[in-house]
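Residue numbers (my numbering), protein chains in the order written: chain A, 1 to 327; chain B, 1001 to 1515; chain C, 2001 to 2306; chain D, 3001 to 3326.
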Amino acid sequence: MTASRGIPDRLRTPMERNLKSWESLLMLVAIGIFVANSFASPYFLNAWNLSDATFNFTEKAMIAFAMALLIISGEIDLSVAAIIALASTAMGAAAQAGVGTEGLVLIGLSVGLLCGAFNGILVTGLGLPSIVVTIGTMSLFRGISFIILGDQAYRGYPPDFAFFGQGYVWWVISFEFVLFAIIAAIYAVLLHMTNFGRAVYAIGNNATGALFSGIRVGRVKFILFLLTGLMSGVAAICLTSRLGSTRPSIAFGWELEIVTMVVLGGVNILGGSGSILGVVIAAFVMGLVTFGLGLLNVPGIVMSIVIGALLISVIALPRLWSMWRAG
Amino acid sequence: MQLELRADVSTQTASGVTPLLSLSGVTKTFPGVRALSDVSLKLYPGKVTALVGENGAGKSTLVKVLTGIYQPDDGDIRIDGQPVRFPTPQSAEHAGVTAIHQETVLFDELSVAENIFLGHAPTGRFGLIDSSAMMTRAREILSSIGGAIDPGTTLKELGTANKHLVAIARALSVDARAVIMDEPTAALSHAEIEELYELVEELKRQGKAILFISHKFDEIFRIADFYTVYRDGQMVGEGAMSEVSEPELVKMMVGRDVSQIFPKRDHNIGAEILVVDDYQHPTEFADIGFTLRRGEILGFYGLVGAGRSEFMQALFGITRPSGGTVKIDGAPVTIRSPADAVASGIVYVPEDRGRQGTIGALPIFQNVTLPSLTRTSRKGFLKLAEEFKLARAYATRLDLRAASLDTDVGNLSGGNQQKVVIAKWLATQPKVIVLDEPTKGIDIGSKAAVHDFMAELAAQGLAVIMVSSEIPEIVGMSDRVIVMREGRIAARLDRDDITPETLVGHAAGLGETRR
Amino acid sequence: QDDMRIALVVKALGIGFFEAAAEGAEEAAKELGNVEIIYTGPTDTTAEGQIEVINALIAQGVDAIAISANDPDAVVPALKRAMDRGITVISWDSGVAEDGRQMHLNPSSTELIGNTIIKLAADHMPDGGDVAILSATATATNQNAWIEAAKGVLPNYEGVNLVTTVYGDDLSDKSYREAQGLMASYPDLKAIIAPTTVGILASCQAVTDAGKIGEINVTGLGLPSEMAGCVESGATKSFAIWNPIDLGYSATMLAHAIANGAEAAPGAEIAMGRMGSVTLDDTNSAAMSDPFTYDSSNIDQFKSIF
Amino acid sequence: MKRILASREALLLVAIGLLLALIATRFPGFVTPSNLAAVFNDTAPLILLAIGQMIVILTRCIDLSVAANLALTGMVVSLINIAAPGLPIIAIFAVAIGFGALLGMFNGILVWKLAIPPIVVTLGTMTIFRGIIFLLTEGKWVNSHEMSDAFKAVPRTVILGLPVLSWIAIAAVILFSIVMTRTTLGRAFYAAGGNPHAATYAGINVGRTQFWAFTTSGAIAGLTGYLWVSRFAVAYVDVAGGFELTVVAACVIGGVSIMGGIGSVPGALLGALFLGIIANALPVVNISPFWQMAISGAAIIIAVVLNAQANRSPGRIILKRAERAG
Ligand SMILES: Nc1ncnc2c1ncn2[C@@H]1O[C@H](COP(=O)(O)OP(=O)(O)OP(=O)(O)O)[C@@H](O)[C@H]1O
Ligand SMILES: Nc1ncnc2c1ncn2[C@@H]1O[C@H](COP(=O)(O)OP(=O)(O)OP(=O)(O)O)[C@@H](O)[C@H]1O
Ligand SMILES: [Mg+2]
Ligand SMILES: [Mg+2]
């Protein structure tokens, strides 16, 4: 213990901290997978193929960034995939009625925001646990899609609507990938460099303490639900555009993949810690694993074993290691 | 239960009597902390031994070692001179050692009887729990300690005091020979404390050995026969209560003389700054109104549960009042959230440091700047250098002790955590600071520091509200006192009227209660 | 010269019908020589799963993709990209919207199948009565087309009253529950028509469990190997199917031919080995052969084949 | 009496009564004893799984791998049945329960020994278990005609008017009612989740209690796995896909608190029945099945809101007391 006159700001430099972090471990995994893939398949190191591979994760990752903030704050949203379905259905109905591309985008984003607001009110307004609220809204939102669409499908989106999910900005760089990168940057800044981000961490570590420190906990959480809804709306636009059609079963089961991506990215599922960089790397890891194994025509389910095992082992290994060292 | 141990205590020493329970050479380390180092302790049948020491001296750790919750790294525990080991809490119970722990360790959703017998319920056929036997025995134990609680009620339906009775009943449900009480009176009201003293006498008569841990010197001198003092995890003294004086005991604990507990202050009371009028709440309090001036310390006294904390939390925007107004510097303000309160210059140092005061997993500097982020940032973007600057300024001012400013607050000692909470609020440059039980559970050395600091704040023109259940503190520190009873103001006392008698009388609603 | 690689993409891996089709594809590959078959598909019947599979196939630069689609529209953009990269794309069994493939091979003519499934039911209900359809997913193109056709021929069968269509999503448990629901909601039901191999089996099981053999006849499209028990117990009087081995074989032959330059345009005739040849209609679709009806008289002969 | 009336379970029972009455107005045949028995039988697997899930949730964990466990165990017993059709059914039961318990133990050990958050563990094992089915079978289905008759007969054999499947659910409800209220382990489940800190002080090893909760949930899932595949006479990778969330929903509707420590077997039973009745009633009362999802979603949300209302502390009666005194 040092007397305060001499309290140093930091004991370890940020550099030292980073080298020992989760993100560096994950980065190693990512590089390992990349190298392994290059050896395993002759088709892997090809710009177009790598570009195609990004579609396996960009939409999920966009939601994962918002979800990361939500999980860091100690909440969760399992209704994200259902929001995609509802937003996509709304866009489909609008397209049917002749609404143009700008209008469709506006509708997709608004439905996302509305759904997020609905979750947010239930959780922050009524003080309900988010995991059960969003299990409920997950059925509710997708259920509304089913009521509207039943066994029908919406097609016939305006031709220029296809750009969001199928367009390329420059050479092999797809619009979705650029959007993914921009969103990642925005969320990284928001979480790590703003007052809002600091509040998110504080709430996740101790919501009562944050409230007693003058942070508007309810408002911050509500905004996080809004953001998650909004990102689901963005993903709905991209996915709908990529598929060119809407069915109520669209994006089925994505919520758990998105949560997996966030947790794999080193975000503490119990709240309080995590980084956007981690989620970005996790997105690449998941994308690389599925794509690499896909090139070998390994069925998707085997890839999910790999992801599941990776999820458990990247958390378990450091703990096993420290247990082993402690004897 | 029928122990016929009659040690000769007329000599005031216990030499020659085999202790019922004795410890020697016990050491316990946590990562980075040596909580106990080579300590010893002796408990005698039919006697109360007081264990005293500053916060973090290792008292509770010792309790956990004695009840099988922690395993000591080294050392020797004997019962009746025979060495024993407590690998699990059950094994300690079997050996006849039971404890009322410092924290409440009960289950809200279980019934009173289940709470009492969890882990050692009477079983009947097929090893199934025999609920009727459990009920009967629970009722017996409860009535033996003067509690009229139905063992079938769910625990969450009970008030604090009754919960505490259940905790005591739980400790007694084991056929114990040694009973450990870790700060048992910290959460009790005056009348309940008296009942507890009677219970202790009864246990003494039954020949049980009692270990009594407390920071309150009056009660130690009242009920203990022997004392043991720990400091920084080491034993620094032991002996008979009758052979030690209060200053001597304090010196042993703190390692230096603590001469003057309540600092003398010159009165420099300024203009009116806070006016609260007719504050109401549907269930917790009603008709609260008062004024506060710069440089003034306004004490709030009352029995536990009088609604002081609830009112302060409403004033701070945690809960919504159903009516009433607040004026700061003559201008009315609306407080709907703590953020509003901070913006209007009212800050609140809560009772529950760990849960409400600090954010344990965030570093010191982030805790300090949390409410002041708008000032250390530009357009919502953080500026770390500014944050460190602010945190360093207040850490220096409060003489905070820590390895670095990015140490997590959770790793600090209780006293230093309290400093972080105060630093956090001073950094917002408040007008009114509310301190809720600022010295609760704090040892005598740190207490003096907090009192000094409070006086200094008032001298600098800050208006201070101090909620406290400790009469000496209220008497020693307050310029004026408001006594609350059952959610309403029972009395307003000026400096000259503040005596222990008037305080207790108004708080209890009668005139006759005496300490 | 490298092998030509033809990918047979199915709705989901593990379904008996598609396993048999894959067998046929291998047979065609052996016959053609220099052809490698990649049998693949998602694990559940989703369009997103198929798109990931298609992306992986594009990346490998396969020569042709023959797909039985989970969703006629959602896979179109991915398949278009495949065609842009020079990959031959045909659909078979369950089709893809026209601009997402070069041709589509129906196992049989839609009208014929629609008529057959109604006739199978009507044959055993001389006095008419209520029938219900239990289909696969609500998005399955082929099933939907057959059901449309079946509704079209209904007036020809006097007294046969179609009460409802429900969807079992090609999941056994869901189909079983839907069949139970049908029996509960329509106490006078005389037949359940399931134009899907998963649905017909589950319905048969549900009818057997409800003790309604003889009361309710389960019919539709099924595989002889899987249906043998139902025919034996009497829950199913008769059912129909085309040969899935032939279907896989034909799809492979067509994909190979088009990848080798055969033109897929309305009116074109394309050969498909031992199955003869097909002529494309103006939607570039063609039908392979007629469905064949199985009952107690011939089931034993076929149950060991597919 | 007042406590019973006010309890969550009683509220839910009333809700179910109202629901049935509502359905009866449109379709009286639904509430005949024989149809209700059929609905109960159809809901039996959900009841079983909900009991297991309830125990896990009580200890502040969650088991997202139950449906995958069910599918894997179901496939394993099916494969055993193919390999050894003569194996007595009692052995099949033993394998199903044992293998399911083993999978549960795997979750439990990771939660206990490595302290990995349960949601992460079971999110991982959920995909791993299903993946293992694929590796075992290459995705091939085991169909009705490959299973032995004895294997398929068990859940549908009728005893005293009810199929064995229903009897097993009833037996589980009784057994676990006793376990949860009358055994040390049962109380430990409540204590470990209600207040883990205090449980440690009471000598309860919280990690080990959670381990046993996962083991129990796994054993139940394994048993249900056998019943499921034999009832529907089919086993494949995607059996009961997505069912884990339905199971959690049943618990939530049944008043089990996701924060641990609150819940009961009757609650889980009623929660499952509520969802089961809705699922069975919709097609009957001629509401399009496409409404089912939205209705159960709305039911979950309403249940959570009501439960939260019931749990809300009524506030201290401090002022009332003062008024009475004054
Ligand atoms: N589980 C633990 N892990 C790490 N350090 C611990 C743990 N428990 C206690 N300590 C440390 O051990 C020391 C002794 O703590 P203990 O709780 O025994 O003090 P105490 O004398 O009971 O204090 P108080 O009067 O405040 O109750 C403190 O420095 C504390 O921070
Ligand atoms: N009748 C009661 N029923 C339930 N809880 C009660 C009751 N009376 C008091 N409590 C609880 O006791 C605690 C103390 O009450 P409160 O904070 O209002 O009193 P106080 O006057 O501020 O006392 P102190 O600050 O000294 O604890 C609170 O947590 C409160 O919830
Ligand atoms: Mg202590
Ligand atoms: Mg208080």
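Don't be surprised by glycine CBs; every beta carbon is placed ideally from N, CA and C. Computed from a predicted model, the values in this text were never measured in an experiment.
For chain B, find out if any of its Cβ atoms is closer than 7 angstroms to the Cβ of T208 of chain A; answer yes or no.
-> yes
Measure the C-alpha to C-alpha separation of D2093 of chain C and A3044 of chain D and round it to an integer number of angstroms.
-> 37 angstroms
Return no unless some Cβ of chain B is closer than 7 angstroms to the Cβ of A3268 of chain D.
-> no
As assigned by DSSP and simplified to three states, the class of M3126 of chain D | helix
R1308 of chain B lies in the alpha helix (DSSP H); which residues open and close that run?
-> R1308 to L1315
Completely contained alpha helix (DSSP H) runs for the segment 1142-1212 of chain B, where each covers 4 or more residues = 1160-1173 and 1190-1205
Check the DSSP bridge columns for N2106 of chain C and list the partner residues they point to.
-> C:A2287
Could you name the residues of chain D that H1101 of chain B contacts, counting a contact when the two beta carbons are closer than 7 angstroms?
-> Y3201
Mapping DSSP to helix, strand and coil, what is D2002 of chain C?
-> coil
Mind checking if R1034 of chain B is an interface residue toward chain A, Cβ cutoff 7 angstroms exclusive?
-> no
Return yes when the Cβ of Q2050 of chain C is within less than 7 angstroms of the Cβ of V2089 of chain C, no when it is not.
-> no
Does the beta carbon of P318 of chain A sit closer than 7 angstroms to a beta carbon anywhere in chain B?
-> no
In terms of residue numbering, what span does the beta strand (DSSP E) encompassing K1327 of chain B cover?
-> G1323 to I1328
Spatial neighbours of S3078 of chain D within its chain, please: CB distance less than 7 angstroms, with the 5 preceding and 5 following residues excluded, ordered by chain position.
-> V3142, M3147, V3229 and A3235
What distance in whole Å lies between the Cβ atoms of F3290 of chain D and I147 of chain A, which are believed to be in contact at a cut-off of 8 angstroms?
-> 6 angstroms
By a C-beta neighbour count over all protein chains shown, 10 Å radius and 16 as the cutoff for buried, is R3231 of chain D buried or exposed?
-> buried
Do the CB positions of H1281 of chain B and S1322 of chain B come within less than 7 angstroms of each other?
-> yes
Is A2206 of chain C close to chain A, meaning its C-beta is less than 7 angstroms from at least one C-beta of that chain?
-> no
Distance, Cα to Cα, G1414 of chain B vs P1438 of chain B?
-> 12 angstroms
With 16 as the cutoff for other CB atoms within 10 Å, does R1515 of chain B come out buried or exposed?
-> Any answer about R1515 of chain B is weak, because its pLDDT of 34 lies below 50 and its placement is not dependable; what the coordinates show is given next. Exposed.
Check each candidate in C:Q2143, C:A2136, C:P2077 and C:P2072 and name the one with the smallest Cα separation from I2058 of chain C.
-> C:P2077
E2023 of chain C: contacting residues in chain A (beta-carbon distance under 7 angstroms) = Those within 7 angstroms of E2023 of chain C in chain A number zero; the least Cβ separation is about 18 angstroms.
Thinking V1349 of chain B and V1236 of chain B are a contact (beta carbons under 8 angstroms), I'd like their distance in whole angstroms, please.
-> Incorrect: roughly 31 angstroms between the Cβ atoms, too far for contact.
Can at least three beta-carbon pairs, one atom from the segment 64-71 of chain A and one from the segment 185-201 of chain A, be found at a separation below 8 angstroms?
-> yes
Residue of B:T1499, B:D1497 and B:S1446 minimising C-alpha distance to V1250 of chain B | B:S1446
Tell me, please, whether the CB atom of N2055 of chain C is closer than 7 angstroms to any CB atom in chain A?
-> yes
Contact between the segment 3278-3290 of chain D and the segment 3022-3039 of chain D (3+ Cβ pairs under 8 angstroms) | yes
Do you know how far the Cα of P2244 of chain C is from the Cα of I2192 of chain C?
-> 23 angstroms
Mind checking the segment 173-191 of chain A against chain B and listing, in chain order, the residues whose C-beta falls within less than 9 angstroms of any C-beta there?
-> V189
Cβ-based neighbour list, M986 of chain B, same chain, cut-off 8 angstroms, excluding 5 preceding and 5 following | Coverage of chain B is limited to positions 1001 through 1515, which leaves residue 986 of chain B absent and any answer about it impossible.
H3145 of chain D and G2229 of chain C closer than 7 angstroms at C-beta = yes
Return the Cβ separation of A3299 of chain D and I3253 of chain D in integer angstroms, given the expectation that the two are a contact with Cβ distance under 8 angstroms.
-> 6 angstroms
Can you check the segment 2116-2168 of chain C for any beta strand (DSSP E) of at least 3 residues that lies completely inside it and give the ranges in chain order?
-> 2129-2135 and 2160-2167
Return the residue from the list A:C115, A:S139 and A:V220 that minimises the CA-CA distance to A90 of chain A.
-> A:C115
Would you mind telling me which residues of chain A sit closer than 7 angstroms to S3296 of chain D, beta carbon to beta carbon, in chain order?
-> S139
Tell me whether S3264 of chain D is buried or exposed, calling it buried when 16 or more other Cβ atoms sit within 10 Å of its Cβ.
-> buried
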